[in-house]
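Before any comments, here is the structure.
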Amino acid sequence: MEKRVLFRSRWLPWVLLAPQVSVIAVFFFWPAGQAMLQSFQLQDAFGLSTQWVGFDNFRDLFTDSAYLNSFKITALFSAMVAALGIGLSLMLAVFADRIIRGALFYKTFLIVPYAVAPAVAGVLWLFMFSPTLGVVAYALRSLGVDWNSLLNTGDAVALIVMAAVWKQISYNFLFFMAGLQSIPKSLIEAAAIDGAHPWRRFWSIQFPLLSPTTFFLLVINMVYAFFDTFAIIDATTRGGPGQDTMILVYKVYNDGFKNGDLGGSAAQSVVLMAIVIALTVVQFRYVEKKVQY
Amino acid sequence: MVERSPWLTVLAHVVMVLGLLVVAFPLYLAFVASSHTAQEIIQAPMPLLPGGHLWETYKTALVGGGDGAGSTAPVARMMWVSLVTALVITFGKIAISLLSAFAIVYFRFPFKNFFFWAIFVTLMLPVEVRIMPTYKVVSDLGMLNTYAGLTIPLIASATATFLFRQFFLTVPDELVEAARMDGAGPMRFFKDILLPLSKTSIAALFVIQFIYGWNQYLWPLLATTSEDMYPVVIGIKRMIAGGDSANQWNVVMATAILAMVPPAIVVILMQKWFVKGLVDTEK
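Residue numbers (UniProt numbering), protein chains in the order written: chain U, 1 to 293; chain C, 1 to 283.
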């Protein structure tokens, strides 16, 4: 699509583009290129010598059980975050949609976690579930559950999932609310006249009509779980116990900055980039489809 | 509603209240913890009602100098760093996106599509996937521990550029013709016509980007090493260093509250724009 009427200038458009283009050149494309290059190199920790190693870094990566394990953890983590986050917020949105009085009050409260930084959300949940002084951990112990997120893998995973879902609920909720409100009331009324109960109406009308929104949120929640939960992990488990909550993004950071494995970290970055590209493509395919409706 | 069914309405309220409790409990607990002394909190179970040390705790947090095991830097300074960072990122993103969208929509020049796609591709290069080399670039440029280092690498925005481009494409051509007939140049048109028309999109983006900027974590974690350049989100993490009892949890929780208040106020006060911004930017 293009404008019929344009301005004419040889230099002005370049000046207008210059700020954005220089930022992306220096801080996006140059480093991304470096990451690609490094992923084929072997460098000692002080950066004194560099050696070209081809695909060795990638081969090492995919034969490294710690990395494969990190893949598994990331997949499990993001599946749980997406499923729980989407399920709970759909439920909240469906009930909020029924409410006439006080809807704004509930909505205002429910969007607050969106404003909370992931790191702060992590600290809040760590505080509640800390084995020695957490209120919820204390309550669990008095119920006979031996909660210890520092030692038990299951507890650590549960902790980061809860914090991540809590943080993401607002976002999903708003999208489901918008989706529900765009469903014509006459459809629901017609079904009600035909004798369909609310439960039936939800499954045969509302839920199918929400499926594009649900799919969109699925992709967004995956991206969120993959990339934006770094701060939650760093504030709560730091990848522990052992390496049991070391999701891919955290491992890139850990291997690169803490262990000085530049080549390996760069190769991991390249793998992550491939994942982002795949998710972005899926997302845009969906948007195109939605436009055709 | 379609039918009157009191029990369903009651159920709906029950579910909403349960949802609110889950959402609000961590926040309430943080508030309660910030109103007690550190000793009162480490006794399990900690009190569940507010105590009487609210002012002291917040004062200790804001001016710093507590005796916890982790960092005890003043939070007032961190709030300032966060505020400056968030505002620079927000206005920077909006400004450079407005300009590039204007160039792409209203001019014809070589490689136009190439630049458009170059901006688009940055969507696929989040900080997380290029951390090491970006860190190196910023340190080579001597930008560590500066506001420039904290903000400029995050200032490019594909989504904002798209949003403005989409919007400009809907602006009627007649406006440009009229402006030209009155003898206005491109920048005059941009300033007097396009900017006022874009107010809604700018407001919506402001909310989203302010929260994005304020809540940044990974990037400031790399780009700052000196205490007086920590944003509050990093500062709070540095406070929890030792074992559970070595931390001043009341001060940590006061800091958590302080760190949440500005973005929460922005979201609540600008709810309408916020929702519009979300729905527009993510499409």
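Think of the CB as a built atom: it goes at the ideal place given N, C-alpha and C, for glycine as much as any other residue. Given the structure is predicted, the values throughout are model-derived calculations rather than measurements.
Closest residue to residue i among the options (Cα-Cα distance)
i: Q168 of chain U; options: U:H197, U:I111, U:S182 and U:A196; result: U:I111
i: Y106 of chain U; options: U:V81, U:T63, U:F207 and U:M177; result: U:M177
i: A96 of chain U; options: U:F58, U:F175 and U:I24; result: U:F175
i: S39 of chain U; options: U:Q283, U:L217, U:L272 and U:I277; result: U:L272
i: G64 of chain C; options: C:D228, C:A264, C:N145 and C:W273; result: C:D228
i: L279 of chain U; options: U:D244, U:F216 and U:F58; result: U:F216
i: T72 of chain C; options: C:Q271, C:I265 and C:K237; result: C:K237
i: S226 of chain C; options: C:E177, C:A61, C:D173 and C:G149; result: C:G149
i: V15 of chain C; options: U:V15, U:S89, U:L68 and U:T237; result: U:S89
i: S35 of chain C; options: C:L141, C:M79 and C:L48; result: C:L48
i: D234 of chain U; options: U:N57, U:I24 and U:W125; result: U:W125
i: G277 of chain C; options: C:I94, C:P153 and C:N247; result: C:I94
Simplified DSSP assignment, three categories, for residue i
i: Q43 of chain C; result: coil
i: T153 of chain U; result: helix
i: A103 of chain U; result: helix
i: Q271 of chain C; result: helix
i: residue 286 of chain C; result: It is not possible to answer for residue 286 of chain C, since the shown part of chain C is limited to 1 through 283.
i: L163 of chain C; result: helix
i: F230 of chain U; result: helix
i: V291 of chain U; result: Any reading at V291 of chain U must be qualified, since the residue scores a pLDDT of 43, below 50, and its modelled position is unreliable; the value itself is stated next. Correct three-state label for V291 of chain U: helix.
i: residue 284 of chain C; result: Nothing about residue 284 of chain C can be read from this structure; chain C reaches only from 1 to 283.
i: F109 of chain C; result: coil
i: Q43 of chain U; result: strand
i: I257 of chain C; result: helix
i: V15 of chain U; result: helix
i: V266 of chain C; result: helix
i: K283 of chain C; result: Unreliable positioning characterises K283 of chain C in this predicted model, as indicated by a pLDDT of 44, which lies under 50. A coordinate reading is not provided.
Under 7 angstroms by beta carbon: chain U residues contacting residue i
i: G70 of chain C; result: Correct list: empty, because the minimum Cβ distance to chain U is about 11 angstroms.
i: M46 of chain C; result: L133 and V135
i: S100 of chain C; result: L16, L17 and Q20
i: A259 of chain C; result: A117 and V120
i: H13 of chain C; result: I99
Residues that residue i contacts on chain C, provided the C-beta gap is smaller than 7 angstroms
i: K3 of chain U; result: V105, Y106 and D173
i: V26 of chain U; result: V137
Limits of the beta strand (DSSP E) - the one that residue i falls within
i: W52 of chain U; result: T50 to W52
i: L61 of chain U; result: No beta strand (DSSP E) holds L61 of chain U; the alpha helix (DSSP H) holding it covers D56 to T63.
Where the alpha helix (DSSP H) through residue i begins and ends
i: Q38 of chain U; result: W30 to Q38
i: residue 302 of chain C; result: Nothing can be reported for residue 302 of chain C, as the shown portion of chain C is limited to 1 through 283.
i: T225 of chain C; result: Run containing T225 of chain C: none; DSSP gives neither H nor E here.
i: R238 of chain C; result: V232 to M239
i: F173 of chain C; result: Before going further, note that residue 173 of chain C is Asp rather than Phe in the sequence given. Note, D173 of chain C: alpha helix (DSSP H), D173 to M181.
i: L49 of chain C; result: Neither: L49 of chain C is in no alpha helix (DSSP H) and is coded neither H nor E.
i: D140 of chain C; result: I131 to D140
i: residue 298 of chain U; result: The structure shown does not extend to residue 298 of chain U, since chain U is modelled only from 1 through 293, so no value can be given for it.
i: I155 of chain C; result: Careful: I155 of chain C lies outside any alpha helix (DSSP H) and carries neither H nor E.
i: P216 of chain C; result: Checking the displayed sequence, the identity of residue 216 of chain C turns out to be Gln instead of Pro. No alpha helix (DSSP H) holds Q216 of chain C; DSSP gives it neither H nor E.
i: M128 of chain U; result: P118 to F129
i: T60 of chain C; result: L54 to V63
i: F189 of chain C; result: P186 to F189
i: A192 of chain U; result: K185 to I193
i: S71 of chain C; result: Here S71 of chain C belongs to no alpha helix (DSSP H), and DSSP marks it neither H nor E.
Residue i: contacting residues in chain C (beta-carbon distance under 9 angstroms)
i: D234 of chain U; result: Y217, L218, L221 and K237
i: Y224 of chain U; result: Ordered by position in chain C, no residue passes the 9 angstroms Cβ test against Y224 of chain U, which lies about 11 angstroms from the chain.
i: residue 302 of chain U; result: Given a span of 1 to 293 for chain U in the structure shown, any question on residue 302 of chain U remains unanswerable.
Whole-number beta carbon distance between residue j and residue i, since they are thought to touch under 8 angstroms
i: V105 of chain C; j: R165 of chain C; result: 6 angstroms
i: F230 of chain U; j: Y217 of chain C; result: 7 angstroms
i: A256 of chain C; j: T161 of chain C; result: That belief does not hold up - the Cβ atoms of A256 of chain C and T161 of chain C are roughly 34 angstroms apart, past 8 angstroms.
i: W214 of chain C; j: V127 of chain C; result: Contact doesn't hold; Cβ gap of about 16 angstroms is too wide.
i: F241 of chain U; j: L150 of chain U; result: Residue identity check: residue 241 of chain U is Pro in the sequence provided, not Phe. That belief holds up - the Cβ atoms of P241 of chain U and L150 of chain U are roughly 6 angstroms apart, short of 8 angstroms.
i: T151 of chain C; j: T85 of chain C; result: 6 angstroms
i: A158 of chain C; j: L205 of chain C; result: Wrong, their Cβ atoms sit about 13 angstroms apart, outside the cutoff.
i: D244 of chain U; j: I73 of chain U; result: 7 angstroms
i: F77 of chain U; j: I247 of chain U; result: 6 angstroms
i: T90 of chain C; j: F27 of chain U; result: Incorrect: roughly 17 angstroms between the Cβ atoms, too far for contact.
i: I240 of chain C; j: G70 of chain C; result: 6 angstroms
Contacts of residue i in chain C (Cβ-Cβ under 8 angstroms)
i: W30 of chain U; result: P133 and V137
i: T108 of chain U; result: I268 and Q271
i: L92 of chain U; result: V15, M16 and G19
Under 9 angstroms by beta carbon: chain U residues contacting residue i
i: I211 of chain C; result: Y114, A115 and A117
i: M253 of chain C; result: V123, L124 and F127
Contact set between residue i and chain U, taken where Cβ atoms lie within less than 8 angstroms
i: L144 of chain C; result: Result: empty, since nearest Cβ-Cβ is about 14 angstroms, beyond 8 angstroms.
i: M124 of chain C; result: M273, V276, I277 and T280
i: T37 of chain C; result: Within chain U, no residue comes near T37 of chain C; the closest Cβ sits about 14 angstroms away, beyond 8 angstroms.
i: W55 of chain C; result: By Cβ distance, chain U contributes nothing, its closest Cβ being about 21 angstroms from W55 of chain C, past 8 angstroms.
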